Amino acid sequence: MNELIFLVSLVLGHVLGDFYLQPSAWVTDKVQKHYRSLMLVAHALVHGTLAFFVFLIFTDTFDYSVVGLALFVAITHYFIDLVKSYFKPKLMYFLIDQLSHILILIICWLLVTEQLFSFSGLLEQVSTEYLVITFAAYLLVMKPASVFISLLLRPLIEKLNTEKAEEGETSLETAGRLIGNFERVIILTLLFLNEYAAIGFVLAAKSVFRFGDLQDRRSRGRTEYVLLGTFVSMAVVLLIGLIATGLHGLL
22 MNELIFLVSL VLGHVLGDFY LQPSAWVTDK VQKHYRSLML VAHALVHGTL AFFVFLIFTD
82 TFDYSVVGLA LFVAITHYFI DLVKSYFKPK LMYFLIDQLS HILILIICWL LVTEQLFSFS
142 GLLEQVSTEY LVITFAAYLL VMKPASVFIS LLLRPLIEKL NTEKAEEGET SLETAGRLIG
202 NFERVIILTL LFLNEYAAIG FVLAAKSVFR FGDLQDRRSR GRTEYVLLGT FVSMAVVLLI
262 GLIATGLHGL L
C-alpha cells in the first residue's frame, strides 16, 4: 500500500465531495435549515461513501473497521458542516472548516496505516521552543510587519492616495495589505525550507503583475511606493527569518 497516495486519495475524495458533488442548492438548504436539512445528511453520506471506497481500495479488505471509519468521516463531516452553517460565509470560517475535515482524514489515515503512535512520538521530538519561535515569526511577518511598513511609507501612501482621488481611481482597501502578508508568509516558509532560489521566483512573479505600475510615468510616487514597499517588505521578512532560523540552530 502506497501510504502517500492513500492520503492524497482521501484528500481528493474530500475535494470531490465538497466542491464538485455538492450542488449550490444543497449549500443553500444547509444554511437555511441547519440541522433540519436533509441535504446536509446527503452531503455527509456522500463524503462517507467516497471515504469508504478509498479505504476499501487501499486496505483491500472489507470489514467492520472500514465501515466504521467511513461512518466516522460521515458523522464528523455532518457536525462540522452543521456548526459552519450557523456562521456567515467568511474566509476564516471556510479555512477552519476545511482544516477540520482534513484533520479528520489524517487521523483516519494514521489509524489505517498504524502510524498514529509513531506520529505522536514524532510530535514529542519537536521541541516546544522550536514551535514557539516559528509561530512567533509567522505572526511578526503579518500584521506587525504591515503596520511597520505602512508607518515607514506613510508620506508616499498619502501622496499616492491623493493622486488616485484626483484621477478617480478606486481599489480594494485591504488588497495591498493581503498581498503583502501572503508574500511575506510565502518567503518566510521558503526561508525555513532553505529554498532560497524560489524566493527569487516569488519576487519575479510580483514584478510581472506590478509591471503596469512601474511603467506609469504619470505617477512617480506610485513607482517609488511599489519599489520601496517591496524592498522594505523583503528586508523585514529576511531579518525575521534569519533571526528565527538562527534561534532554531541554537536549540
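Quick note on the working numbering: the sequence shown kicks off at 22 and runs consecutively.
All C-beta atoms, glycine included, are put in the ideal place defined by N, C-alpha and C.
Please read all numbers here as calculations on a predicted model, not as lab measurements.
Nearest candidate by alpha-carbon position, reference residue i, set the options
{"i": "Ser171", "options": "Ala158, Leu126 and Arg198", "result": "Arg198"}
{"i": "Val75", "options": "His35, Val168, Met255 and Ile220", "result": "His35"}
{"i": "Thr155", "options": "Gly221, Leu25, Ser106 and Ile261", "result": "Ile261"}
{"i": "Phe252", "options": "Phe213, Ala166 and Ile264", "result": "Ala166"}
{"i": "Leu214", "options": "Leu263, Leu173 and Arg175", "result": "Leu263"}
{"i": "Gly201", "options": "Ala226, Ser254 and Thr210", "result": "Ser254"}
{"i": "Val48", "options": "Phe108, Ile117, Val88 and Leu120", "result": "Phe108"}
{"i": "His269", "options": "Leu120, Ala46 and Thr149", "result": "Thr149"}
Same chain, Cβ closer than 6 Å to residue i, five either side skipped, listed in chain order
{"i": "His50", "result": "The amino acid at residue 50 is misidentified as His; the sequence shows Asp. If we look at Asp50 and ignore the five residues flanking it on each side, its Cβ neighbours are Ser58 and Met60."}
Residues near residue i in its chain [Cβ-Cβ closer than 7 Å; skip 5 each side]
{"i": "Trp130", "result": "Phe27, Leu28 and Leu31"}
{"i": "Val223", "result": "Glu204, Ile207 and Ile208"}
{"i": "Ala265", "result": "Ile154, Thr155 and Ala158"}
{"i": "Lys54", "result": "none"}
{"i": "Lys105", "result": "Tyr114 and Asp118"}
{"i": "Leu77", "result": "Phe83 and Val87"}
{"i": "Ala256", "result": "none"}
8 Å contact criterion, which residue i and residue j should meet: CB distance rounded
{"i": "Ala151", "j": "Leu272", "result": "The sequence given here has Tyr at residue 151, not Ala. That pair is a contact at about 6 Å."}
{"i": "Leu37", "j": "Leu71", "result": "6 Å"}
{"i": "Val52", "j": "Phe73", "result": "Actually they do not touch by this definition, with Cβ atoms about 27 Å apart."}
Length of the line joining the Cα atoms of residue i and residue j
{"i": "Ile125", "j": "Leu103", "result": "16 Å"}
{"i": "Asn23", "j": "Ile220", "result": "32 Å"}
{"i": "Asp39", "j": "Val62", "result": "13 Å"}
{"i": "Ala95", "j": "Gln136", "result": "22 Å"}
{"i": "Tyr217", "j": "Ile123", "result": "29 Å"}
{"i": "Thr191", "j": "Leu161", "result": "Confidence in Thr191 is poor, its pLDDT being 48 and thus under 50, which makes the residue's placement too unreliable to answer from."}
{"i": "Leu249", "j": "Leu174", "result": "8 Å"}
{"i": "Leu90", "j": "Ile128", "result": "10 Å"}
{"i": "Phe169", "j": "Leu42", "result": "45 Å"}
{"i": "Ala226", "j": "Ser121", "result": "32 Å"}
{"i": "Glu179", "j": "Gly267", "result": "37 Å"}
Own chain residues within Cβ distance below 8 Å of residue i, not counting five before or after
{"i": "Met163", "result": "Asn202, Arg205 and Val206"}
{"i": "Leu211", "result": "Tyr217, Ala219, Ile220 and Val223"}
Below 8 Å, how does it come out for the region 98–117 and the region 64–72: are there three or more Cβ pairs, yes or no?
Yes, the region 98–117 touches the region 64–72.
Does the pairing of the region 103–116 with the region 70–88 give three or more beta-carbon distances under 8 Å?
Taking a contact to require three or more Cβ pairs closer than 8 Å, the region 103–116 and the region 70–88 do not qualify as touching.
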